[in-house]
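**Student:** One structure follows; several queries about it will come next.
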Amino acid sequence: MPDMNGEPTHGPTDETGPEPGSQHHPGEGSLGGTDTAGHRLTAGLTIGSRVVVRYRLEEGSQAAATDFLGELVARDNDFLIVDTRTERVKLIRADVIAAKDVPPPASRPGRAHRRISADDLEKVMAKGWPAVDRGGLGDWVLRASGGFTGRANSVLVVGDPSLPLDPAIDFVESWYAERDRPPLFQVHGEPGFVAEDQPAVAALLARGYAVGGGNESWQRVLVMTGLSAAVPPLTEQSAPVIADAELKPDWLMTYGEQRSIVPGSTEAVLTGSDGQLFLSVRHPESNRIIALARLAIHPGWAGIFGLWVHPDHRRSGLGTTLVSAAAMVARENNMPAMYIQVSGDNTAGVSFWEDLGFTVHHEYTYLARPAS
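Just so you know, the numbering used here puts 364 at position 237 of the sequence shown, and the rest follows in order with no gaps.
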C-alpha cells in the first residue's frame, strides 16, 4: 500500500461538503443508488481523519483496484474527496471495495504511544472532545461550544494558518466575536517548551494576550500517553464498572456536580465523538454513581476524559479500576495507545498517571486577554 499521508486543506473554512478542484478517478459504479456496498462501507468514515480506501478501477486497467491513503475532507451521497500526499482525488462511493479510518502516521521511532507527533495527537484529541461549532483557517482549528471548557472554545494553533499572523489573528477574533465568545488560543510544544518563543505567541503577546489568561489551570497542561497493554488489568476484587454507549441522565448529573455545565453544549461535546463510552462505578447499596470517566474511541487510540471519584471514596482504587476498564476496552478494540490530559500543577494527578505507565508526550497552554 502506498504511503500517501493526507495534507490538510487551506484557507478560511467551515465544515462543508465536497469541494471543487479534485482529480476524478473513474470507476465502474453508477451514481444512481445510495445503498450500494460502497456506500455502506464509507458511511462510517470520519471527516477530517486519515483513511485508506480500496477503489475499483475501470475495466481494462492494469490492476483491478488501487488504494488511496489520505485525509477524508468531504463526503456526499455520491463521492468521497480524499487528500493524498500527491493529489486531491474524487472517488465514486459505489466503486469502493473497502475503507476504514487509520491512525496518524508515525513521525518518530518508539512505541505506539510515542511515535505520533504532537500536532497529530492534538488533532486526535480535538476529535475526542469535539466542539459544537467548528471552523478552519488553514491548519488552525477554530472551536466554540458555548463556553463549555477551554479546549472546546479555543483555536487549536497547529501548522500553517494560510495567512500572515496578524490577519490570521484578526480573522480568529472576528470569528469569535460573531459567536459572542472571547478569543482563546491553544498552543503546544515539547515538554518544558517556552511559549514565548513561538511566533504566534509573540504576536498575541504584542496584542495584550497573556499566557494562561489569568487562569492558573490553563498555564501548563500535560498530555500524557501510555500503552493500553501496560495498564494493570481488572481483578476479581475490582468494583464492577458499567460502560454505556449512551449518555445517561444520572451520569450527566453526577458529572455536573463537580464541573460547570452549559446545557445543550455539554451534552453535544460529550456525545460528539465518532465513538465514546461513559464509564461508571455505583455504590453497592445506594446505586448512586461514585466514580466516572468518559472514554473517547479513535483508530488506534483511546482517550480518557473527566476521570472523577467521589471524595468519600477516594484512595480506594476506583480511579485505577476505571482506567483498567478503559484499557481493557482499548485492548479489545485494537487501540494500543491511550492519552490523557492533566494540569501541570496537579502533582497528585500526574503521579497517578505515572504509576499506570503514562509519560508526558507534550504540553500545551492557552493565551487569552486577561479579564478587565
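We put the CB at the ideal spot given by N, CA and C, even for glycine.
Judging by CA-CA distance, which residue of Trp435, Val469, Val223 and Arg421 is the nearest neighbour of Val179?
**Tutor:** Taking the sequence shown and counting its residues from 1, the one referred to as residue 179 is at position 52. The shortest Cα separation from Val179 among Trp435, Val469, Val223 and Arg421 belongs to Val223.
**Student:** Less than 8 Å between the C-beta atoms of His488 and Leu248, yes or no?
**Tutor:** For the purposes of this step, residue 488 is taken as residue 361 along the sequence shown, with counting starting at 1. For the purposes of this step, residue 248 is taken as residue 121 along the sequence shown, with counting starting at 1. Closer than 8 Å, so yes.
**Student:** Less than 8 Å between the beta carbons of Val216 and Phe195, yes or no?
**Tutor:** Numbered from 1 along the sequence shown, position 89 holds the residue referred to as residue 216. Numbered from 1 along the sequence shown, position 68 holds the residue referred to as residue 195. Yes.
**Student:** Round the Cβ separation of Leu361 and Thr448 to the nearest angstrom and send it over; I've been treating them as touching at under 8 Å.
**Tutor:** In the sequence shown, counting from the first residue as 1, residue 361 sits at position 234. In the sequence shown, counting from the first residue as 1, residue 448 sits at position 321. Between Thr448 and Leu361 the Cβ distance is about 7 Å, and since that is below 8 Å, they are a contact.
**Student:** Buried or exposed, going by whether 16 or more other CB atoms sit within 10 Å of the CB of Arg270?
**Tutor:** The sequence position of residue 270 within the sequence shown is 143, counting from 1. With 16 or more Cβ atoms within 10 Å of its Cβ, Arg270 is classed as buried.
**Student:** Would you call the region 478 to 493 in contact with the region 252 to 272, where contact means no fewer than 3 C-beta pairs closer than 8 Å?
**Tutor:** Not touching, per the Cβ criterion.
**Student:** Using 8 Å as the cut-off, can you tell me whether the region 405 to 418 makes contact with the region 428 to 437, which would need three or more C-beta pairs spanning the two stretches below that distance?
**Tutor:** Yes, the region 405 to 418 touches the region 428 to 437.
**Student:** I need the straight-line Cα distance from Thr276 to Gln468, nearest angstrom please.
**Tutor:** Taking the first residue of the sequence shown as 1, we reach residue 276 at position 149. Taking the first residue of the sequence shown as 1, we reach residue 468 at position 341. Between Thr276 and Gln468, the C-alpha separation is close to 13 Å.
**Student:** Is Val321 buried or exposed, if buried means 16 or more other CB atoms sit within 10 Å of its CB?
**Tutor:** To locate residue 321, count along the sequence shown from 1; it is residue 194. By the neighbour-count rule (16 or more Cβ atoms within 10 Å), Val321 is not buried but exposed.
**Student:** How is Asp203 classed by DSSP in three states: helix, strand or coil?
**Tutor:** For this step, residue 203 is matched to residue 76 along the sequence shown. Correct three-state label for Asp203: coil.
**Student:** Hey, how far is the Cα of Arg442 from the Cα of Glu305?
**Tutor:** Mapped onto the sequence shown, residue 442 falls at position 315. Mapped onto the sequence shown, residue 305 falls at position 178. Roughly 46 Å between the two C-alpha positions.
**Student:** Helix, strand or coil for Val368, going by three-state DSSP, please let me know.
**Tutor:** Position 241 of the sequence shown, counting from 1, holds the residue named residue 368. Three-state result, Val368: coil.
**Student:** Hey, out of Glu214, Asn204 and Gln189, whose CA is closest to Gly197's CA?
**Tutor:** Taking the first residue of the sequence shown as position 1, residue 197 is located at position 70. Among Glu214, Asn204 and Gln189, the Cα nearest to that of Gly197 belongs to Glu214.
**Student:** Does DSSP put Tyr493 in a helix, in a strand, or in coil?
**Tutor:** Stepping through the sequence shown from its first residue, residue 493 is reached at position 366. Tyr493 falls in the strand class under three-state DSSP.
**Student:** CA-CA distance, Ala370 and Asp287?
**Tutor:** Numbered from its first residue, the sequence shown carries residue 370 at position 243. Numbered from its first residue, the sequence shown carries residue 287 at position 160. Cα to Cα, the separation comes out at about 39 Å.
**Student:** Secondary structure at Arg442, three-state DSSP: helix, strand or coil?
**Tutor:** Against the sequence shown, residue 442 aligns to sequence position 315. If DSSP states are grouped into helix, strand and coil, Arg442 belongs with coil.
**Student:** Ala192 and Arg181: beta carbons closer than 8 Å?
**Tutor:** One-based indexing of the sequence shown puts residue 192 at position 65. One-based indexing of the sequence shown puts residue 181 at position 54. Yes, the Cβ-Cβ distance between Ala192 and Arg181 is below 8 Å.
**Student:** Does DSSP put Ala304 in a helix, in a strand, or in coil?
**Tutor:** Position 177 of the sequence shown, counted from the start, is the residue given in the question as residue 304. If DSSP states are grouped into helix, strand and coil, Ala304 belongs with the helices.
**Student:** Kindly provide the ranges of any alpha helix (DSSP H) runs that are 4 or more residues long and lie completely inside the region 215 to 301, ordered along the chain.
**Tutor:** As far as the region 215 to 301 is concerned, its whole alpha helix (DSSP H) runs of at least 4 residues are 245 to 255.
**Student:** Would you say the region 308 to 323 touches the region 457 to 465, given that touching needs at least three Cβ pairs under 8 Å?
**Tutor:** Touching, no.
**Student:** When the Cα atoms are used, what is the spatial distance from Gly175 to Gly446?
**Tutor:** For the purposes of this step, residue 175 is taken as the residue at position 48 of the sequence shown. For the purposes of this step, residue 446 is taken as the residue at position 319 of the sequence shown. So the alpha carbons of these two residues sit roughly 32 Å apart.
**Student:** Starting from Trp345 and walking both ways along the beta strand (DSSP E), at which residues does that stretch end?
**Tutor:** The residue you call residue 345 lines up with position 218 of the sequence shown. It is not in any beta strand (DSSP E) - Trp345 carries neither H nor E in the DSSP assignment.
**Student:** Here's the rule I'm using: 16 or more other beta-carbon atoms within 10 Å means buried, otherwise exposed. How should Gly526 be labelled?
**Tutor:** Outside the displayed span of the chain (128 to 499) sits residue 526, for which this structure offers no information.
**Student:** Roughly how many angstroms separate the alpha carbons of Val477 and Ala395, rounded to a whole number?
**Tutor:** Along the sequence shown, one-based indexing puts residue 477 at 350. Along the sequence shown, one-based indexing puts residue 395 at 268. Going by the C-alpha atoms only, they are around 28 Å apart.
**Student:** How long is the line joining the alpha carbons of Glu343 and Gly484, rounded to whole angstroms?
**Tutor:** Here residue 343 corresponds to residue number 216 of the sequence shown, with the count starting at 1. Here residue 484 corresponds to residue number 357 of the sequence shown, with the count starting at 1. Each residue's Cα considered, the two are about 26 Å apart.
**Student:** Classify Glu459 as helix, strand or coil using the three-state DSSP reduction.
**Tutor:** One-based indexing of the sequence shown puts residue 459 at position 332. Helix at Glu459.
**Student:** Suppose only complete runs of 4+ residues qualify. What are the alpha helix (DSSP H) ranges in the region 350 to 410, listed by chain order?
**Tutor:** As far as the region 350 to 410 is concerned, its whole alpha helix (DSSP H) runs of at least 4 residues are 376 to 383 and 392 to 397.
**Student:** Which residue from Val200, Pro438 and Ile219 puts its Cα closest to that of Phe206?
**Tutor:** Indexing the sequence shown from 1 puts residue 206 at position 79. Looking at the Cα atoms, Ile219 is the closest of the given residues.
**Student:** The alpha helix (DSSP H) spanning Phe432 covers which residue range?
**Tutor:** As a working mapping, residue 432 is identified with position 305 in the sequence shown. Where Phe432 is concerned, there is no enclosing alpha helix (DSSP H), although the beta strand (DSSP E) it sits in stretches over Trp428 to Val436.
**Student:** Measuring only the C-alpha atoms, how far is Asn204 from His166?
**Tutor:** What you label residue 204 is simply residue 77 of the sequence shown in a count that begins at 1. What you label residue 166 is simply residue 39 of the sequence shown in a count that begins at 1. Asn204 and His166: Cα-Cα distance of roughly 8 Å.
**Student:** Please report the distance separating the alpha-carbon of Arg308 from that of Leu290.
**Tutor:** Residue mapping note: residue 308 aligns to position 181 of the sequence shown, counting from 1. Residue mapping note: residue 290 aligns to position 163 of the sequence shown, counting from 1. About 22 Å.
**Student:** If I measure Cβ to Cβ from Ala330 and keep anything under 8 Å in the same chain, skipping five residues before and after, which residues do I get?
**Tutor:** Walking along the sequence shown from the start, residue 330 turns up at place 203. So the list reads Leu292, Asp293 and Ile296, once near-sequence residues are dropped.
**Student:** Start and end of the beta strand (DSSP E) containing Gly316?
**Tutor:** Taking the sequence shown and counting its residues from 1, one reaches residue 316 at position 189. Here the beta strand (DSSP E) through Gly316 covers Phe312 to Gly316.
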